[in-house]
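Just so you know, the protein sequences line up as chains A and B, in that order. Just so we're aligned, residue 386 is where the first sequence starts under the numbering used here, counting upward by one. Just so we're aligned, residue 236 is where the second sequence starts under the numbering used here, counting upward by one. Step one of this worksheet: look at the structure below.
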Amino acid sequence: MPHPGARSRARSIVSAGAPLLVVLLLGGCLLPPDPKTEAGQDVFNLYVVVLAFAAVVFVGVEGFIVYAIVRYRRQPGDNTLPEQHHGNTKVEILWTAIPSVIVLVLFIMSIITLGSVEARSDEPGVTIEVTAKQWTWDFSYPEGVTISGRSGEPTELPVPVGEPIRIVLHSADVNHAFFVPQFLIKRDAIDMGENASPNEIEFVVTEAGTYAGQCAEFCGIGHKDMIFVVNAMPRADYDAHMAALAASETPPPAAGGEDCATTIALAAEESIRFDTDSIEAPEDEDFCIELTNNDIVEHNVGIDEIGFYGENVAPGESITYVIPAMEAGEYTFLCTLHPQAMVGVLTVTE
Amino acid sequence: MATTTLDPRADTYGRSWVLDWLTTVDHKKIGILYIVNSFIFFFAAGILALVIRSELAVPGLQFVDVETYNQAFTMHGTIMIFLFVVPVLSGFGNYIVPLQIGAPDMAFPRINALSFWLLPLGGLLIFSGYLFGGAAAEGWTGYAPLAAERFSPGVGTDLWIIGLTLVGTASILGAVNFIATIFKMRAPGMTLFRMPIFVWTMLVTAVLILLATPVLAGGLIALFIDRNYGGSFFDPSVGGNPILWQHIFWFFGHPEVYIVILPAMGVVSEIIPVFSRKPLFGYKAFVFATIAIGLLSFSVWAHHMFTTGQVLLPFFAFMTTLIGIPTGVKMFNWLATMWRGKITLATPMLFAIGFLAMFLIGGISGVMLGQPPIDFHLQDTYFVVAHLHYVFFGGSVFGVFAAAYYWFPKMTGRMLNEPLGKVHFWLHFIGFNLTFFPHHQLGLSGMPRRIADYSPDAGWTILNLISTVGAFMIAVSVLPFLINVVASLINGEPAGDDPWEGNTLEWATTSPPPPYNFDRLPPIHSERPLFYLTHGHGHAVAAGREHEVEEAEEGADEDVAGDVEKREGLV
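Here it is in structure tokens:
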């Protein structure tokens, strides 16, 4: 018959181990998304191996802590001293060696995986020049198509499946990062000036589909709105899609308006703001908006309610648009690149 | 014949209580000022954490706008690191280090006072951005070019720079003081290898501060010049380099991680032996591991920059991975100390064990992030937020509370209430894990840091909600602690000199100690002078051998241990 104290001790070990099990079960879901690129699969595999090491270390150490607390608890009234161990060189050498071996194995595996993540093909299927800017993405294709987005709405990044896609990362202003969770990859988009060439990444998408991406490097108040979506499709579909995009590119509204009765002067000022947050226009007659960009980054002007969106204006330039007659009321004017900071009310008065 | 006896405890002249605290140069009072000041900033930064967690509880912007949110996480990080974790551990160091080495005070008492008083000043300057159009909002890392004048024109960022420079200056002065104190003020017999581990960790920390913090100060001044005087250190459009800021910041920032974790490791290494009634297993290995971590910490900074594409990945990955070895050694030493001990789960021990359990997770996730391919996925996601909180909060803050419960009786002469302490621990422990464990999964599934809002379709809602509940649980857990401190100060059980059967010299004097610390010191023959004093029978050095041992400069601990083992063998 087992010693009664031993049984209660065993029971308390089990009861202390139960929460540990729960944690372990939770650990079962500690995985990245299902990878959709070839290199992403390699990263995923590496991660799983590392997680397995981590789980063994976690269970071993936490288990030991719980065991020690239960097994070596000082009993009330026990004033004797345990044996005073000061150390044991052999054991200490052993447990210096164990983590050394583990970390070296991990390091070697990482370097091997790094080779596959960083591999570059001689002839990528498509090279896309990506410009990250506060707070939108521009995707420029060799076919001459540039896809620009509105901040807060996902900008489409069409790519063909099954061939290497090279992404060249530029920044027009602060640091950003190109991140697609399902590709398990991320790289900063930094304005390197003359210090270095822009960062590049390459990946082969393995499955058609749409994959959400967003900026991962904090870049100001529009950070959360710098979203995009990778649209991966077979090569034939991709070619057709790009041709359609090239054909359907709606030309920006024509500039003009030398003979406007009413011209509203609007200026984009430094550090991303309009010089005013309210402008007025007369009812039922055409009027003009003249946008002058005094800032150091591109801006535009749009009026949401009538679906008017002007072209991006480079720093130092200005542009004038004729706006067709509108009914009396309040409208929103904004810069679609920076709606977080550049938005105001256009009042059309009777 | 009437004689006048001079009582050394008598104040030489009367001073008002307030003036006394404002002008004190006593390391114990300055230590308490450090601790109280740090906790005030802790509560302020904690409220900012609640703002962050409230906003993220569910998708949509409910409580604050994005700008306020960005200021909140910037101030939260800055204040927690620079005005809570670092100074609170310095505060314990200030109070305890001179006592543990048998010194009457720090080496430079007036510099000590100066380095404290710069802290509230720097902290208020950083916070004062809120009064001048908004606090800094670039994140605690203040990355250029976002922190440049043209992207962040507000004066809040300038105040952040000036405040941090003052706080950094305070750290540097404090570090010089610790180094001088530890090298020059040790009591006779207190050789380097008889110093308590806490003193060792404070020494290595002070060296790290001395080498790393001036680099940050230089970077901050360069940023200030860029912002205000047309400099171009970090502006690529005029030949500067934005990556330079990251190098400077992390060359400071990674040693900074060890600046906040090493003293907490020291605290834990004091507590675990006392509450296991055993010496620290492998004292010297522990000291060498501490020094190794300190040295390695200067060669790993670029692992914060793997995704910049501008650093030599294999080198920094290798050095980062190496840090796992001395850290692993320390973990094994702590576990072996508990092995076959007689463990008492008093509140300080609970927090120390909490440190082991939680810091382990931070260490593991650190090794994961140190692998560049994995980091490419996880960098700047909530996985990093989880990792850094398991190190800073699960590690350092558990260490801070362990220290608070352990040394409160020495500082005040009163015990803290044990049941309230246990309530505090469990609320804190569960709240902490509820808050930060889900962040691992959020990061793995791609939620970036520093976003004020997320899409309801992203699948991040439930984990964020759990995390927010946990954050409020942590906030609630502070209440029993505060009640405990106040109630115990008024009506706590008297502590006596040595309530925990401690090993080190601070327990050899009264609680609280007199201004000059010690009436007399016990003989120091090992890193546990008090242990050998109280457990003399069969454990102390025989009187006849005392001078022999004193002559042995180093390795005295083994000598004593050897004696003890021989003696016990004979018995």
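C-beta: ideal position from N, C-alpha, C; glycine also. Because the structure is a prediction, the values reported are computed rather than measured.
Q | Complete runs of the alpha helix (DSSP H) confined to the stretch 311-344 of chain B [at least 4 residues] | A | DSSP assignment within the stretch 311-344 of chain B yields the following whole alpha helix (DSSP H) runs of 4 residues or more, N-terminal first: 321-335.
Q) alpha helix (DSSP H) containing B:T647: first to last residue? A) The residue you call residue 647 of chain B lines up with position 412 of the second sequence. In the DSSP annotation of this structure, the continuous segment of the alpha helix (DSSP H) that includes B:T647 starts and ends at F633 to T647.
**Q.** B:D300 burial status per 10 Å Cβ neighbour count (16 or more: buried)
**A.** Residue mapping note: residue 300 of chain B aligns to position 65 of the second sequence, counting from 1. Answer is exposed; the Cβ neighbour count stays below 16.
Q. Pick from A:S656, A:H555, A:D680 and A:G510: whose alpha carbon is nearest that of A:A621?
A. To locate residue 621 of chain A, count along the first sequence from 1; it is residue 236. For the options A:S656, A:H555, A:D680 and A:G510, the alpha carbon positioned closest to that of A:A621 is the one of A:G510.
Q. To which residues does DSSP link A:Y596 through a beta bridge?
A. Here residue 596 of chain A refers to the residue found at position 211 when the first sequence is read from its first residue. DSSP lists A:V615 as the bridge partner or partners of A:Y596.
Q) Using a beta-carbon distance below 8 Å, is A:F443 in contact with chain B? A) Against the first sequence, residue 443 of chain A aligns to sequence position 58. For A:F443, a Cβ of chain B is located within less than 8 Å of the residue's own Cβ.
Q) By a C-beta neighbour count over all protein chains shown, 10 Å radius and 16 as the cutoff for buried, is B:V799 buried or exposed? A) As a working mapping, residue 799 of chain B is identified with position 564 in the second sequence. Annotation note: pLDDT 42 at B:V799 (below 50); position unreliable, no value reported.
Q | Exposure label - A:E447; buried when at least 16 CB within 10 Å | A | The residue you call residue 447 of chain A lines up with position 62 of the first sequence. Residue burial is scored here from C-beta neighbours: A:E447 has at least 16 other C-beta atoms within 10 angstroms and is therefore classed as buried.
Q. For B:Q335, is the classification buried or exposed, using 16 other Cβ atoms within 10 angstroms of its Cβ as the cut-off for buried?
A. As a first step, residue 335 of chain B must be located in the second sequence, where it is residue number 100. In the assembly as shown, B:Q335 is a buried residue. Its beta-carbon has 16 or more other beta-carbons within 10 Å.
(Q) Pairs of beta-carbons, one from the stretch 501-516 of chain A and one from the stretch 529-549 of chain A, closer than 8 Å: are there three or more? (A) Yes: the two stretches touch, three or more of their Cβ pairs being nearer than 8 Å.
**Q.** Beta bridge counterpart(s) of A:T717 as assigned by DSSP
**A.** For the purposes of this step, residue 717 of chain A is taken as the residue at position 332 of the first sequence. The bridge partners DSSP lists for A:T717 are A:V730.
**Q.** Rounded straight-line distance, which links the Cα of B:I701 to that of B:A284
**A.** Locating residue 284 of chain B in the second sequence gives position 49, counting from the first residue. Locating residue 701 of chain B in the second sequence gives position 466, counting from the first residue. Near 15 Å, if we compare the C-alpha coordinates of B:I701 and B:A284.
Q | A:A710 classed as buried or exposed, judged by whether at least 16 other C-beta atoms fall within 10 angstroms | A | The count along the first sequence starts at 1 and reaches residue 710 of chain A at position 325. Answer is exposed; the Cβ neighbour count stays below 16.
Q: Anything in chain B within Cβ reach of A:D573, meaning under 8 Å, just list it in chain order.
A: Locating residue 573 of chain A in the first sequence gives position 188, counting from the first residue. Result: T542, T543 and G544.
Q.
Which residue marks the beginning of the alpha helix (DSSP H) containing B:L254, and which one marks its end?
A. Taking the first residue of the second sequence as 1, we reach residue 254 of chain B at position 19. Its alpha helix (DSSP H) spans residues W252 to T258.
**Q.** Secondary structure of A:P724, DSSP reduced to three states
**A.** Looking up residue 724 of chain A in the first sequence gives position 339. When DSSP states are grouped into helix, strand and coil, A:P724 belongs to the coil group.
**Q.** Local conformation of A:V698 per DSSP, three classes
**A.** Numbered from 1 along the first sequence, position 313 holds the residue referred to as residue 698 of chain A. Of the three classes helix, strand and coil, the one that applies to A:V698 here is strand, per DSSP.
Q: Please compile the residues from chain A whose C-beta is within a distance smaller than 8 Å of the C-beta of B:E302.
A: Numbered from 1 along the second sequence, position 67 holds the residue referred to as residue 302 of chain B. Chain A residues near B:E302: I606.
Q. Residues in its own chain within less than 8 Å of B:F611 by CB, not counting five upstream and five downstream?
A. On the second sequence, position 376 is the one that residue 611 of chain B refers to. Hits under 8 Å: F541 and T542.
Q. Does the Cβ of B:I282 have 16 or more other Cβ atoms within 10 Å, making it buried, or fewer, making it exposed?
A. The residue labelled residue 282 of chain B in the question sits at position 47 within the second sequence. The residue in question, B:I282, is exposed, as its Cβ has fewer than 16 Cβ neighbours within 10 Å.
Q: Using DSSP bridges, identify the partner residues of A:R456.
A: The residue labelled residue 456 of chain A in the question sits at position 71 within the first sequence. Residue pairing of A:R456 in beta bridges, as defined by DSSP: absent, with no partner found.
(Q) Contact criterion: CB-CB distance below 8 Å. Does A:Q426 meet it with respect to chain B? (A) As a first step, residue 426 of chain A must be located in the first sequence, where it is residue number 41. With a threshold of 8 Å between beta carbons, A:Q426 makes no contact with chain B.
Q. In this structure, what does DSSP give as the bridge partners for A:C673?
A. Here residue 673 of chain A is taken as the residue at index 288 of the first sequence, counted from 1. Paired residue(s): A:T648 and A:V707.
Q. Along chain B, which residues have their Cβ under 8 Å away from the Cβ of A:C414?
A. Taking the first residue of the first sequence as position 1, residue 414 of chain A is located at position 29. Simply Q676.
Q | Limits of the unbroken beta strand (DSSP E) element including A:P667 | A | By 1-based counting over the first sequence, the position of residue 667 of chain A is 282. Its beta strand (DSSP E) spans residues S663 to P667.
Q: Determine, using beta carbons only, whether B:P757 and B:A743 come nearer to each other than 8 Å.
A: By one-based count along the second sequence, residue 757 of chain B stands at place 522. By one-based count along the second sequence, residue 743 of chain B stands at place 508. With contacts defined as CB atoms closer than 8 Å, B:P757 and B:A743 qualify as a contacting pair.
Q.
Output needed for A:E735: all residues of its chain with C-beta closer than 6 Å, excluding positions within five of it in sequence on either side, in chain order.
A. Here the question's residue 735 of chain A lines up with position 350 in the first sequence. Within the same chain, A:E735 has close Cβ partners E668 and A713.
Q: Return yes when the Cβ of B:I496 is within less than 8 Å of the Cβ of B:S631, no when it is not.
A: The count along the second sequence starts at 1 and reaches residue 631 of chain B at position 396. The count along the second sequence starts at 1 and reaches residue 496 of chain B at position 261. In terms of Cβ geometry, B:S631 and B:I496 form a close pair [threshold 8 Å].
Q: Could you tell me which of B:T616, B:V564, B:L438 and B:G474 sits nearest to A:E579, measuring between CA atoms?
A: Start at 1 with the first residue of the first sequence, and residue 579 of chain A comes out as number 194. Ranking B:T616, B:V564, B:L438 and B:G474 by Cα distance to A:E579 puts B:G474 first.
Q: Can you have a look at A:V486 and say buried or exposed, based on whether 16 or more other CB atoms are within 10 angstroms of its CB?
A: Position 101 of the first sequence, counted from the start, is the residue given in the question as residue 486 of chain A. Exposed, since its Cβ has fewer than 16 Cβ neighbours within 10 Å.
Q) Mind checking if B:S472 is an interface residue toward chain A, Cβ cutoff 8 Å exclusive? A) Locating residue 472 of chain B in the second sequence gives position 237, where the first residue counts as 1. At least one chain A Cβ lies under 8 Å of B:S472.
**Q.** Given A:N346 as reference, the closest of A:V686, A:E702 and A:P545 once Cα atoms are compared
**A.** Past the boundaries of the shown model lies residue 346 of chain A; chain A is included only from 386 to 735, so the question cannot be answered.
Q: Report buried or exposed for A:L719, applying the criterion of at least 16 other Cβ atoms within 10 angstroms of its Cβ.
A: In the first sequence, residue 719 of chain A corresponds to position 334, counting from 1. Around the beta carbon of A:L719, 16 or more other beta carbons sit within 10 angstroms, so the residue counts as buried.
Q. So A:W522 is in the beta strand (DSSP E); what residue range does that whole segment cover?
A. Sequence index remark: in the first sequence, residue 522 of chain A carries index 137 (1-based). First-last of the beta strand (DSSP E) with A:W522: T521 to S525.
Q: Reducing DSSP to helix, strand and coil, say where A:V444 ends up.
A: As a position in the first sequence, residue 444 of chain A is number 59, starting the count at 1. Residue state, collapsed to three classes: helix.
Q. Is the CB of B:K513 under 8 Å away from at least one CB in chain A?
A. The sequence position of residue 513 of chain B within the second sequence is 278, counting from 1. At least one beta carbon of chain A lies nearer than 8 Å to the beta carbon of B:K513.
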